[in-house]
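Asker:
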Amino acid sequence: NHGSFYNRFRMLLNPDEFKGATGIEHLVQVLSKRLTVTEHDWQIGHTKIFLRRELADKLERFAKLKVHAAARTVGRFGRFVAQRRAATVLSVWARFRLHMLKKY
Numbered sequence: 016n017h018g019s020f021y022n023r024f025r026m027l028l029n030p031d032e033f034k035g036a037t038g039i040e041h042l043v044q045v046l047s048k049r050l051t052v053t054e055h056d057w058q059i060g061h062t063k064i065f066l067r068r069e070l071a072d073k074l075e076r077f078a079k080l081k082v083h084a085a086a087r088t089v090g091r092f093g094r095f096v097a098q099r100r101a102a103t104v105l106s107v108w109a110r111f112r113l114h115m116l117k118k119y
């Protein structure tokens with residue numbers, strides 16, 4: 016199905032590659048350049064995309080790498096937020112302790 020193929024692999028395009036043309040033909044053209052494959056490795060039918068096994072494996076690995084890179088980015092951001100919150104809590108707690116020591 017063209018729609019499921021497009022939804023699965025459009026994440027492999029950069030945002031600037033969406034400008035101008037859209038659709039399955041554009042996706043196939045950009046991915047062909049990026050993966051250095053020819054038109055003989057792809058065939059766009061009326062309802063399906065036909066791929067050689069090697070190309071399908073390449074696309075799956077490429078998609079998996081893209082997802083892992085995004086997960087690392089989200090994880091890094093989450094750790095940054097957690098560290099910042101922990102530092103804020105510790106500094107507030109330290110100020111409170113100093114205040115309590117001075118008071119009593």
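In my numbering, the protein residues as written are 16 to 119. Heads up, the beta-carbon is just placed ideally off N, CA and C, and yes, glycines get one too. None of these values were measured; they are calculated from a predicted model.
Taking a contact to mean a Cβ-Cβ separation below 8 Å, would you say Thr62 touches Asn16 in this structure?
Answerer: Cβ atoms of Thr62 and Asn16: closer than 8 Å.
Asker: Under three-state DSSP, which class holds Leu66?
Answerer: Strand.
Asker: When you compare only the Cα positions, how much space is there between Trp57 and Phe20?
Answerer: Computed Cα separation, rounded: 13 Å.
Asker: Between the beta-carbon of Val52 and the beta-carbon of Leu70, is there less than 8 Å?
Answerer: Going by C-beta atoms, Val52 is nearer than 8 Å to Leu70.
Asker: Since Ala57 sits in a beta bridge, which residues does DSSP pair it with?
Answerer: Residue 57 is actually Trp in this sequence, not Ala. Note: Trp57 sits in a beta bridge opposite Leu66.
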